[in-house]
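Colleague: For what it's worth, this note's numbering labels the leading residue of the sequence shown as 364, then goes sequentially.
Glycine is no exception: its CB is placed at the ideal position from the N, C-alpha and C atoms.
Here it is: the structure, laid out below.
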Amino acid sequence: MSSPQLDKTYNPTAVEQRWGSYWAEQKLFQPRQTEKSEAYCLVIPPPNVTGSLHIGHALNSTLQDILIRWKRMQGLQTLWIPGTDHAGIATQNVVERQLKAEGLSREDLGRQAFIERVWKWRHQSGDTIIGQLKKLGASCDWDRLRFTMDDGLSLAVREVFVRLYQEGLIYRGERLINWCPRCLTAISDIEVEHEESKGTLYHIRYPLTDNPETRLTVATTRPETLLGDTAVAVHPEDPRYQHLIGKQVTLPLTTRTIPIIADSILVDREFGTGVVKITPAHDFNDFEAGERHQLPRISLLNHHAQMRPDGLQEAQVDQQLQESLQYKSIQEARLIVVEMLKERDLLIKEEDHTMALGKCYRCKTVVEPYLSPQWFVKTAPLAAPAIEAVETGNIRILPEAWKNNYLGWMRNIKDWCISRQIWWGHQIPAWYCRTCNKDHLVETGSTVERTAEDPDKPTALTMSCFISSDAQPIVAKTDPTICPQCGGSDLFQDPDVLDTWFSSALWPLSTLGWPEQTQDFKTFYPTSTLVTGLDILFFWVARMIMMGIKLTGQVPFKDVYIHALVRDAKGQKMSKSKGNVIDPLTKMSQYGTDALRFTLASMASPGRDMKLAEERIEGYRNFATKIWNAARFIQLHADGAKTSAPPASRPFPDRWIFSRLNHAIREVTKALDTYRFDQATSALYQFIWHEYCDWFIELAKPSLQQDNHPDAPFTRQTLLESFEIIQRLLHPVMPFITEEIWQSFPHEGLSIMTQPFPTEHPDWTNNQAEDEYALLQAVVTTARTGRSLLNIPANHPLTIWCTTTKDNETASLNDLQPYIESILRSTLHLANNTDWPSSHILQLISGNLTVGISVESNLDLQQVIKKVNKQLEAKRKECTRLQDRVASPAFREKAEASVIQESEERVASLKQELMLLTSSEQQLATMLT
Ligand SMILES: [Zn+2]
Ligand SMILES: [Zn+2]
364 MSSPQLDKTY
374 NPTAVEQRWG
384 SYWAEQKLFQ
394 PRQTEKSEAY
404 CLVIPPPNVT
414 GSLHIGHALN
424 STLQDILIRW
434 KRMQGLQTLW
444 IPGTDHAGIA
454 TQNVVERQLK
464 AEGLSREDLG
474 RQAFIERVWK
484 WRHQSGDTII
494 GQLKKLGASC
504 DWDRLRFTMD
514 DGLSLAVREV
524 FVRLYQEGLI
534 YRGERLINWC
544 PRCLTAISDI
554 EVEHEESKGT
564 LYHIRYPLTD
574 NPETRLTVAT
584 TRPETLLGDT
594 AVAVHPEDPR
604 YQHLIGKQVT
614 LPLTTRTIPI
624 IADSILVDRE
634 FGTGVVKITP
644 AHDFNDFEAG
654 ERHQLPRISL
664 LNHHAQMRPD
674 GLQEAQVDQQ
684 LQESLQYKSI
694 QEARLIVVEM
704 LKERDLLIKE
714 EDHTMALGKC
724 YRCKTVVEPY
734 LSPQWFVKTA
744 PLAAPAIEAV
754 ETGNIRILPE
764 AWKNNYLGWM
774 RNIKDWCISR
784 QIWWGHQIPA
794 WYCRTCNKDH
804 LVETGSTVER
814 TAEDPDKPTA
824 LTMSCFISSD
834 AQPIVAKTDP
844 TICPQCGGSD
854 LFQDPDVLDT
864 WFSSALWPLS
874 TLGWPEQTQD
884 FKTFYPTSTL
894 VTGLDILFFW
904 VARMIMMGIK
914 LTGQVPFKDV
924 YIHALVRDAK
934 GQKMSKSKGN
944 VIDPLTKMSQ
954 YGTDALRFTL
964 ASMASPGRDM
974 KLAEERIEGY
984 RNFATKIWNA
994 ARFIQLHADG
1004 AKTSAPPASR
1014 PFPDRWIFSR
1024 LNHAIREVTK
1034 ALDTYRFDQA
1044 TSALYQFIWH
1054 EYCDWFIELA
1064 KPSLQQDNHP
1074 DAPFTRQTLL
1084 ESFEIIQRLL
1094 HPVMPFITEE
1104 IWQSFPHEGL
1114 SIMTQPFPTE
1124 HPDWTNNQAE
1134 DEYALLQAVV
1144 TTARTGRSLL
1154 NIPANHPLTI
1164 WCTTTKDNET
1174 ASLNDLQPYI
1184 ESILRSTLHL
1194 ANNTDWPSSH
1204 ILQLISGNLT
1214 VGISVESNLD
1224 LQQVIKKVNK
1234 QLEAKRKECT
1244 RLQDRVASPA
1254 FREKAEASVI
1264 QESEERVASL
1274 KQELMLLTSS
1284 EQQLATMLT
């Protein structure tokens, strides 16, 4: 194929646009249907429809793209499925905010119109994030784009709900759940964020009913809930209270008496007074205690977390107090109750107390434990095989460190509340017959509630909380029209929707066409690797594992790779308010997408956080430029005769670079195999920049720049061949620049992305060439040190003398002489020490080598000695400082092993430098006299 010349300067934007659209036109991201090859499949963690690409997505998608491009080049049948999530509450909140700006609420619109509005907004805002992922180079099969609420996925959701319901793994019941009084919905345990907060511990007297002079002391941070107490508990073996078990106390501020019961689970004898109140409707532990002792539950709050009149009445609160409490918020009610307790001398003391406050992860409102009928997934039977899959290694969680987080959580898993009292999402496929359930419905799925703000204008709420847990649901895949009990047709659907994570739990199945046994499902399930952040390990990963195994008998993926969170350069969380957000799209247009991708991959080491400094992206932009310039150099010099000789029979520089290339291929492959993206990029960077560009291209120059040089055909061949392999090795990380270069070199095929990934060639490894290179490098760097010590400019030729104490190196030095002379642009004399000039030569010793540099008579020796002394002083200081540090027990205890090792190595190299400088200083001083 014809090869266009590369532009003089690297313009990432143009390159990215060109190949981005080319790949799409050629449909290169589709799986190649070659039956023989192994399948490799990734499913993208579906970003929210509300979203746009942030740095976390950029990292997550870059790592997946590296894997899929690598496996594609290895010849596997690869598929990466993209998609977005409807993101229930998050999306509903966005549209509700828009409505609020128009002075409207979702209730004003009504359910149908509201849902239409969300869909409309979704179509308008489009898949912004999808376009941004394409810009990043993500090689997903865009023809298979899915959405968690599209038809196929909705079908899968119903299928699963019905199956699990029929097996008793989904049930409806009245339980204590976490309620957000702002979002007006239940949320699951893990959607509650716990925050440390300052509160007050109130010590309250509960008088014995038959002997009011005796009072038990109960401590609580929530005195307003005491009105809903239905017992107090003591430890059964506590001698202080044993005689009171079975007696009654009079509940303060009410006309009720409640029993003193014994409970060894709830009560810690050592804590406080050893007496605790039990409020089953307002505390999770109390709810369980209430279950154990069949205690009544009195719910004091309405949906807005205000004191409800019927609850106060049921609690038999003193009449006057009932009136002042109704529709009061929790804070207001607390003040009133505390005031009243003081008045009646029932409050002993108040003390400061730190406690964990639960907040809604969507809106940060304090959540309330709330008693209401909800739908649950019975999780324990699903968790058991999901635990086993990870324990046996059927699923690997990487880095290993996170495995225990997963297992710990799964072993203590609670039932999962899956119903949400919102409108945007998969409506629960359960229906109720009005005729059969007439005693169990407050109103058909909608009721009114009065609030303090405006008691005369009740708020309409549409939620299943008004359908009693005794009602009989009809659960079906298709909408029923007739009641199977009475044959009536007065049915209505459960108004709640499913937790958004319910549909994403099915993602690896449903995106492949399940429950249909599609070709995709047969080929690509179980998928291969799931790449995700730690924050959704429980929300998403654990649930996919449970659902996948339950529904297919197979794990949904084999590896879970968990990457760190991207933080700013100082290690702080990025946030708009701190102003430290690094926007990936800005950086992509500023430095090029490949540079950003390389940066993110280079930081992906196992650990919790990664610190992203802008300088790093800039550094890798320079790396891309370096590669570009090397490509230009090769393009300009590759014309002319070439060779077909194998690398082993080519000249020294060629043999050496093939040996190093082989090493790089081995390192990169090993690193990718173990998800060490950081090590893969480090191997690429070291090899391409420091070995290939800094040394090999310099070694290649003499034969290219001299007419009819006998090595030229070899050099041209090696440059073209090796650089093409380098492009393929680098392609998964830097797809755009490598495609541009590959296309501009002689090539066959449509794209670099479908070429084979480089593999090792045993015959390329050449230890002799590597030893020779080490020798050459030692001579060159020692001579350069001397040049710099003597202040001789780089373009000024030197006269150099060189001797080695090792016999075999003498022969090598002879072979290397022309290369060394060319690199140093100097004359090299290889000689025995005895042949050396007796004066005006600076001798530098490096291992077996002695390198001498002629000191010309016009050199300002005074000046040079001054400079050497200055360096000596600085290095001595640094050496002493580092030595002290390395010796300090505090440092050795706290620092990481790699840091200690680095410091020790630095000390050793400083000592070498000091020796060299001292010797130079002495030699120069002699010349002065
Ligand atoms: Zn909320
Ligand atoms: Zn019926």
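Tell me whether the beta-carbon of Lys861 lies closer than 8 angstroms to the beta-carbon of Arg783.
Modeller: Residue identity differs from the one stated: residue 861 is Leu in this sequence, not Lys. A contact, by the Cβ cut-off of 8 angstroms.
Colleague: Identify every run of the alpha helix (DSSP H) within the segment 723-791, keeping only runs that are complete inside it and at least 4 residues long; order them along the chain.
Modeller: Entirely contained in the segment 723-791, the alpha helix (DSSP H) runs reaching 4 residues are, in chain order, 743-754, 766-774.
Colleague: Would Pro871 and Leu532 qualify as a contact pair, given that the criterion is a beta-carbon distance under 8 angstroms?
Modeller: Going by C-beta atoms, Pro871 is not nearer than 8 angstroms to Leu532.
Colleague: Between the C-alpha atoms of Gly916 and Pro748, what's the straight-line distance to the nearest angstrom?
Modeller: Looking at the two C-alpha atoms, the distance is approximately 10 angstroms.
Colleague: Could you compute how far the alpha carbon of Ile750 sits from the alpha carbon of Asn1211?
Modeller: If I take the Cα positions, the gap works out to 60 angstroms.
Colleague: Starting from Asp922 and walking both ways along the beta strand (DSSP E), at which residues does that stretch end?
Modeller: Element bounds for Asp922: 920-926.
Colleague: Taking the alpha-carbon of Ala958 as reference, which of Lys1005, Ile830, Leu1093 has the nearest alpha-carbon?
Modeller: The option with the nearest alpha carbon to Ala958 is Leu1093.
Colleague: Bridge partners for Arg578 per DSSP, in chain order?
Modeller: According to DSSP, which records beta bridges pairwise, Arg578 is partnered with Pro570.
Colleague: List the residues that DSSP assigns as beta-bridge partners of Lys974.
Modeller: Answer by DSSP bridge pairing, in chain order: Arg930.
Colleague: State the CB to CB distance for the pair Pro622 and Ile567, rounded to an integer number of angstroms; the pair is presumed to be in contact (CB under 8 angstroms).
Modeller: Incorrect: roughly 17 angstroms between the Cβ atoms, too far for contact.
Colleague: Could you tell me the distance, in whole angstroms, from the CA atom of Arg535 to the CA atom of Asn800?
Modeller: Distance between the alpha carbons of Arg535 and Asn800: 15 angstroms.
Colleague: Looking at the strands, I want to know which residues DSSP matches up with Leu861.
Modeller: Answer is Ser782, bridged to Leu861.
Colleague: Within its chain, find whatever has a CB closer than 6 angstroms to the CB of Trp443; leave out the 5 residues flanking it on each side and keep chain order.
Modeller: Same-chain partners within the cutoff: Leu405, Ile431, Cys503.
Colleague: Where does Thr1168 land, buried or exposed, given buried means 16+ other C-beta within 10 angstroms?
Modeller: Thr1168 is exposed by the Cβ-count criterion.
Colleague: Suppose you measure from the CA of Thr1289 to the CA of Thr1144; what does that come to, to the nearest Å?
Modeller: Each residue's alpha carbon lies about 25 angstroms from the other.
Colleague: Counting along the chain, where does the alpha helix (DSSP H) carrying Arg1013 start and finish?
Modeller: Looking at the DSSP string, Arg1013 is not in any alpha helix (DSSP H), and its letter there is neither H nor E.
Colleague: Please look up how many angstroms separate the CB atoms of Val894 and Gln427, rounded, as I've assumed it's under 8 angstroms.
Modeller: So it is a contact: roughly 5 angstroms between Cβ atoms.
Colleague: Going by Cα to Cα distance, which pick from Arg1255, Arg1269, Glu1259 is closest to Thr1243?
Modeller: Ranking Arg1255, Arg1269, Glu1259 by Cα distance to Thr1243 puts Arg1269 first.
Colleague: Using C-beta distances below 7 angstroms, list every residue in its chain close to Asp646, excluding the 5 sequence neighbours before and after it, in chain order.
Modeller: Only Pro732 meet the Cβ criterion.
Colleague: Taking only the alpha-carbon atoms, compute the straight-line gap between Arg1023 and Leu1047 and give it to the nearest angstrom.
Modeller: Spanning the two alpha carbons is a distance of roughly 11 angstroms.
Colleague: Please report the Cβ distance between Ala1146 and Val1214, rounded to the nearest whole angstrom; I am assuming they are in contact, meaning their Cβ atoms lie under 8 angstroms.
Modeller: Confirmed, about 5 angstroms.
Colleague: With a 10 Å radius around its C-beta and 16 neighbouring C-beta atoms as the bar for buried, classify Asp817 as buried or exposed.
Modeller: Low per-residue confidence applies at Asp817: pLDDT is 48, beneath 50, and the placement is therefore not dependable enough to give any value.
Colleague: What residues sit near ligand 2, counting only those whose C-beta is closer than 5 angstroms to one of its heavy atoms, in chain order?
Modeller: Spelled out in chain order, the answer is Cys796, Thr798, Cys799, Cys846, Gln848, Cys849, Gly851.
Colleague: Is any non-hydrogen atom of ligand 1 found closer than 7 angstroms to the C-beta of Cys546, if you look at the structure I gave you?
Modeller: Yes.
Colleague: With DSSP run on the structure shown, which of helix, strand or coil describes Asp819?
Modeller: Note on Asp819: pLDDT 47, under 50, position unreliable in the model; the coordinate value appears next. Reduced to three states, the DSSP call for Asp819 is coil.
Colleague: By Cβ distance below 8 angstroms, which residues in the same chain neighbour Pro337 in space, the five residues on each side in sequence not counted?
Modeller: Within the shown structure, residues of the chain are numbered from 364 to 1292, placing residue 337 beyond reach of any answer.
Colleague: Which residue's Cα is closest to the Cα of Arg797: Val1227, Thr636, Cys846, Lys777?
Modeller: Checked all of Val1227, Thr636, Cys846, Lys777; the closest Cα to Arg797 is Cys846.
Colleague: How would you write the range of the alpha helix (DSSP H) that Lys1229 sits in, first residue to last?
Modeller: Start and end: 1224-1250.
Colleague: Which residues does DSSP list as the beta-bridge partners of Tyr1136?
Modeller: DSSP output for Tyr1136 lists no bridge partner at all.
Colleague: Can you check DSSP and say which residues form a bridge with Glu559?
Modeller: BP columns for Glu559 point to Ala719.
Colleague: Say the cut is 7 angstroms; is the CB of Cys780 nearer than that to a heavy atom of ligand 1?
Modeller: Because no heavy atom of ligand 1 lies under 7 angstroms away, the Cβ of Cys780 does not count as near it: no.
Colleague: Quick check on DSSP: helix, strand or coil for Leu564?
Modeller: Strand.
Colleague: Pick helix, strand or coil for Cys799, following the three-state DSSP scheme.
Modeller: Cys799 falls in the coil class under three-state DSSP.
Colleague: Have a look at Leu589 and Ala696 and give me their C-alpha separation to the nearest angstrom.
Modeller: Spanning the two alpha carbons is a distance of roughly 11 angstroms.
Colleague: At which residues does the beta strand (DSSP E) containing Ile623 begin and terminate?
Modeller: Counting along the chain, the beta strand (DSSP E) containing Ile623 begins and ends at 620-625.
Colleague: So is Ile628 buried or exposed if we call it buried at 16+ other beta carbons inside 10 Å?
Modeller: The residue in question, Ile628, is exposed, as its Cβ has fewer than 16 Cβ neighbours within 10 Å.
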